[in-house]
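Novice: Protein chains in written order, with the working numbering: chain A, 8 to 186; chain B, 213 to 425. Can you read through this structure? Questions will come right after.
Okay, here's the thing in structure tokens:
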């Protein structure tokens with residue numbers, strides 16, 4: 008593990024090392040080094056299992072974070088390789104040549120976050136949503152409540168409690184009076 | 213079925229003859245449904261009694277509510293003693309149970325299944341998701357009210373309703389049918405345009421005929 012981390016640092020200028028557990032490390036690489044970093048981990052250091060690919064929308068900072076979680080079964084260690092890409096140009100190189108299953112994750116990310124992986128199989132076909140014509144729904148600037156109200160005929164008369172306020176009133180009625 | 217399967221195309225048959233296929237016209241009926249009125253009230257009353265005692269369910273689970281049907285059909289609650297049983301295809305069944313939340317994608321399949329069922333047909337909607345969206349009321353992908361898209365005969369409230377309440381719901385449906393109020397199919401036929409308009413509003417890639425009979 009340490010050899011891999013050193014090599015990633017030296018070769019690919021990896022940064023932001025985070026030891027979450029003894030067997031789980033997160034590291035950030037730059038976008039254009041990403042396929043090489045993953046290939047290095049897979050071919051030379053035995054991280055042969057792609058556990059998952061996922062994305063986070065950092066709306067305020069203007070970035071998408073894409074995480075590749077890999078596992079080495081002989082040493083029982085996990086590594087999470089993170090990459091930050093600008094929200095204005097969400098394109099990353101596809102890794103479907105290394106793991107065929109990655110194509111499915113990439114289709115999902117394309118549909119839910121609008122992150123493009125050129126060359127990945129069936130990347131432009133609808134995956135879960137059929138005929139979606141709004142901005143991708145997992146982006147944080149997509150207002151799911153507003154969309155639902157405009158689209159799905161909400162039934163009038165439905166009331167909702169804010170969980171925090173409601174539980175405060177229910178559990179600590181005295182405090183409410185004191186204030 | 214993808215969009216390409218529905219396009220007009222030339223096909224070569226096994227004997228080498230080429231012919232043109234227009235799936236929207238050749239595979240599906242273009243006629244829209246029409247309401248069926250009983251000719252004889254006395255006979256209809258007998259038929260309604262028979263219908264209410266032989267409810268055949270299309271075994272199609274849409275959401276988490278489908279899990280409640282297993283205890284219902286197995287010996288503990290044993291719905292078969294009420295003449296309720298599960299059938300594998302829409303053509304054989306007369307009750308569609310919409311069990312829980314419906315995503316837009318599932319709604320499309322539910323509409324197809326419902327339209328393929330033969331008259332008389334009924335819809336029983338399970339859980340609060342079909343009434344007002346339930347816990348998924350602000351989701352981008354689940355519908356809020358089922359009765360905007362399909363004619364619902366009876367709702368069973370709960371999240372999820374237990375098998376006991378399902379049996380109570382069946383009894384309620386039986387009463388409706390015996391009273392001649394199970395007219396969902398006629399309601400659907402009469403307001404066909406309104407239902408289609410609502411369905412097409414949310415199903416944006418409409419790649420099937422208007423009526424899937």
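Even glycine gets a Cβ: it sits at the ideal position worked out from N, Cα and C.
What span of residues does the beta strand (DSSP E) with residue 35/A cover, start to end?
Specialist: On the first chain, position 28 is the one that residue 35/A refers to. Residue 35/A -> beta strand (DSSP E) spans 31-36.
Novice: Closest to residue 3/A by C-alpha separation, out of 104/A, 49/A, 160/A, 154/A, would be which residue?
Specialist: In the structure as shown, chain A begins at 8 and stops at 186. Residue 3/A is therefore absent and cannot be evaluated.
Novice: Report the three-state DSSP secondary structure of residue 249/B (helix, strand or coil).
Specialist: Here residue 249/B is taken as the residue at index 37 of the second chain, counted from 1. Coil, per DSSP.
Novice: Rounded to a whole number of angstroms, what is the C-alpha to C-alpha distance between residue 328/B and residue 424/B?
Specialist: For this step, residue 328/B is matched to residue 116 along the second chain. For this step, residue 424/B is matched to residue 212 along the second chain. Cα to Cα, residue 328/B sits roughly 6 Å from residue 424/B.
Novice: When you compare the CB positions of residue 268/B and residue 303/B, do they come within less than 8 Å of one another, or not?
Specialist: Within the second chain, residue 268/B is the residue found at index 56, counting from 1. Within the second chain, residue 303/B is the residue found at index 91, counting from 1. No; because the gap between Cβ atoms is not below 8 Å, this pair is not in contact.
Novice: Would the region 134-145 of chain A and the region 73-88 of chain A be scored as touching if the rule is three or more Cβ pairs under 8 Å?
Specialist: Cβ pair count under 8 Å is below three, so no.
Novice: With a Cβ-Cβ cutoff of 8 Å, do residue 275/B and residue 334/B count as a contact?
Specialist: Stepping through the second chain from its first residue, residue 275/B is reached at position 63. Stepping through the second chain from its first residue, residue 334/B is reached at position 122. No. Outside cutoff.
Novice: Could you list the residues in the region 158-185 of chain A with a C-beta less than 7 Å from some C-beta on chain B, going in chain order?
Specialist: Answer in chain order: 158, 159, 160, 161, 162, 165.
Novice: Tell me which residue opens and which closes the alpha helix (DSSP H) that residue 266/B is part of.
Specialist: Working through the second chain from its first residue, we reach residue 266/B at position 54. Note, residue 266/B: premise wrong, no alpha helix (DSSP H); not H, not E.
Novice: Flag this pair as touching only if the region 385-403 of chain B and the region 347-356 of chain B have three or more C-beta atom pairs under 8 Å; answer yes or no.
Specialist: With the cut-off at 8 Å, the region 385-403 of chain B and the region 347-356 of chain B do not touch.
Novice: Look up residue 180/A in the DSSP assignment and say whether it is helix, strand or coil.
Specialist: Within the first chain, numbered from 1, the residue matching residue 180/A stands at position 173. Residue 180/A: helix per DSSP, three-state reduction.
Novice: Starting from residue 281/B, trace the alpha helix (DSSP H) both ways and give me its first and last residue.
Specialist: Here the question's residue 281/B lines up with position 69 in the second chain. Taken as a continuous stretch (DSSP letters only), the alpha helix (DSSP H) holding residue 281/B covers 281-285.
Novice: Going by DSSP, what residue range makes up the beta strand (DSSP E) through residue 25/A?
Specialist: Indexing the first chain from 1 puts residue 25/A at position 18. Run containing residue 25/A: 22-28, per the beta strand (DSSP E) assignment.
Novice: Would you list the residues sitting across from residue 87/A in a DSSP beta bridge?
Specialist: Residue 87/A sits at position 80 when you count from the first residue of the first chain. Residue 87/A is bridged to 33/A, 76/A.
Novice: Tell me where the alpha helix (DSSP H) around residue 382/B begins and ends.
Specialist: For the purposes of this step, residue 382/B is taken as residue 170 along the second chain, with counting starting at 1. 375-390 is the span of the alpha helix (DSSP H), which, as asked, contains residue 382/B.
Novice: Using C-beta distances below 6 Å, list every residue in its chain close to residue 278/B, excluding the 5 sequence neighbours before and after it, in chain order.
Specialist: Along the second chain, read from residue 1 onward, the residue named residue 278/B stands at position 66. 311, listed in sequence order.
Novice: So what does residue 93/A bridge to, in DSSP terms?
Specialist: Counting from 1 along the first chain, the entry for residue 93/A is found at position 86. Paired residue(s): 70/A.
Novice: Answer yes or no: do residue 122/A and residue 93/A have a C-beta to C-beta separation smaller than 8 Å?
Specialist: Sequence index remark: in the first chain, residue 122/A carries index 115 (1-based). Sequence index remark: in the first chain, residue 93/A carries index 86 (1-based). Contact flag unset, no.
Novice: Between the region 299-323 of chain B and chain A, which residues of the former have CB atoms less than 9 Å from a CB of the latter, in chain order?
Specialist: Within the region 299-323 of chain B, the qualifying residues are 315, 316, 317, 320.
Novice: Rounded to whole angstroms, what's the CA-CA distance from residue 242/B to residue 161/A? Just pull it up for me.
Specialist: Mapped onto the second chain, residue 242/B falls at position 30. Mapped onto the first chain, residue 161/A falls at position 154. Distance between the alpha carbons of residue 242/B and residue 161/A: 32 Å.
Novice: Quick one: measure Cβ to Cβ for residue 401/B and residue 247/B, integer angstroms, because I've assumed they're closer than 8 Å.
Specialist: Reading the second chain from its first residue, position 189 is the one you call residue 401/B. Reading the second chain from its first residue, position 35 is the one you call residue 247/B. Indeed, because the Cβ distance is near 5 Å, the residues count as touching under 8 Å.
Novice: Considering only residues of the same chain and omitting the five flanking positions on each side of residue 213/B, which have a CB-CB separation below 6 Å?
Specialist: Numbered from 1 along the second chain, position 1 holds the residue referred to as residue 213/B. Any reading at residue 213/B must be qualified, since the residue scores a pLDDT of 47, below 50, and its modelled position is unreliable; no value is offered.
Novice: Can you grab the Cα-Cα spacing for the pair residue 296/B / residue 216/B, in whole Å?
Specialist: Here residue 296/B refers to the residue found at position 84 when the second chain is read from its first residue. Here residue 216/B refers to the residue found at position 4 when the second chain is read from its first residue. Rounded to whole angstroms, residue 296/B to residue 216/B spans 39 Å at the Cα level.
Novice: Output the distance between the C-alpha atoms of residue 156/A and residue 344/B, rounded to the nearest integer angstrom.
Specialist: Here residue 156/A corresponds to residue number 149 of the first chain, with the count starting at 1. Here residue 344/B corresponds to residue number 132 of the second chain, with the count starting at 1. When rounded, the distance between both Cα atoms is 11 Å.
Novice: Residues of chain B with CB under 8 Å from residue 81/A, in chain order?
Specialist: In the first chain, counting from the first residue as 1, residue 81/A sits at position 74. Neighbours of residue 81/A on chain B: none; closest Cβ ~39 Å, over 8 Å.
Novice: Once DSSP output is grouped into helix, strand and coil, what is the label at residue 145/A?
Specialist: Indexing the first chain from 1 puts residue 145/A at position 138. If DSSP states are grouped into helix, strand and coil, residue 145/A belongs with coil.
Novice: Helix, strand or coil for residue 232/B per DSSP?
Specialist: Looking up residue 232/B in the second chain gives position 20. Correct three-state label for residue 232/B: strand.
Novice: Of the choices 258/B, 325/B, 293/B, 367/B, whose alpha-carbon is the least far from that of residue 305/B?
Specialist: As a position in the second chain, residue 305/B is number 93, starting the count at 1. Checked all of 258/B, 325/B, 293/B, 367/B; the closest Cα to residue 305/B is 325/B.
Novice: Residues of the region 357-383 of chain B in Cβ contact with chain A at a cutoff of 7 Å, in chain order, please.
Specialist: Against chain A - using a Cβ distance shorter than 7 Å - the residues of the region 357-383 of chain B are 357, 360.
Novice: Whose C-alpha, out of 357/B, 265/B, 219/B, is nearest the C-alpha of residue 164/A?
Specialist: For the purposes of this step, residue 164/A is identified with residue 157 of the first chain, where counting begins at 1. Considering only alpha carbons, the answer is 357/B.
Novice: Does residue 406/B have its Cβ less than 8 Å from a Cβ in chain A?
Specialist: Walking along the second chain from the start, residue 406/B turns up at place 194. No, its Cβ sits nowhere closer than 8 Å to a Cβ of chain A.
Novice: Nearest CA to the CA of residue 78/A: which residue from 71/A, 140/A, 57/A?
Specialist: The count along the first chain starts at 1 and reaches residue 78/A at position 71. Comparing Cα-Cα distances from residue 78/A to each of 71/A, 140/A, 57/A, the minimum goes to 57/A.
Novice: Starting from residue 221/B, follow the beta strand (DSSP E) in both directions and report where the run begins and ends.
Specialist: On the second chain, residue 221/B is found 9 positions in, with the first residue counted as 1. Segment 221-224, the beta strand (DSSP E) holding residue 221/B.
Novice: Whole angstroms are fine: how far does the CA of residue 364/B sit from the CA of residue 403/B?
Specialist: Position 191 of the second chain holds residue 403/B. Position 152 of the second chain holds residue 364/B. Taking the straight line joining both Cα atoms gives about 13 Å.
Novice: Roughly how far, in whole angstroms, is the beta-carbon of residue 409/B from the beta-carbon of residue 323/B, given that I think they are within contact range, below 8 Å?
Specialist: Start at 1 with the first residue of the second chain, and residue 409/B comes out as number 197. Start at 1 with the first residue of the second chain, and residue 323/B comes out as number 111. Not quite, the Cβ-Cβ distance comes to about 13 Å (not below 8 Å), so this is no contact.
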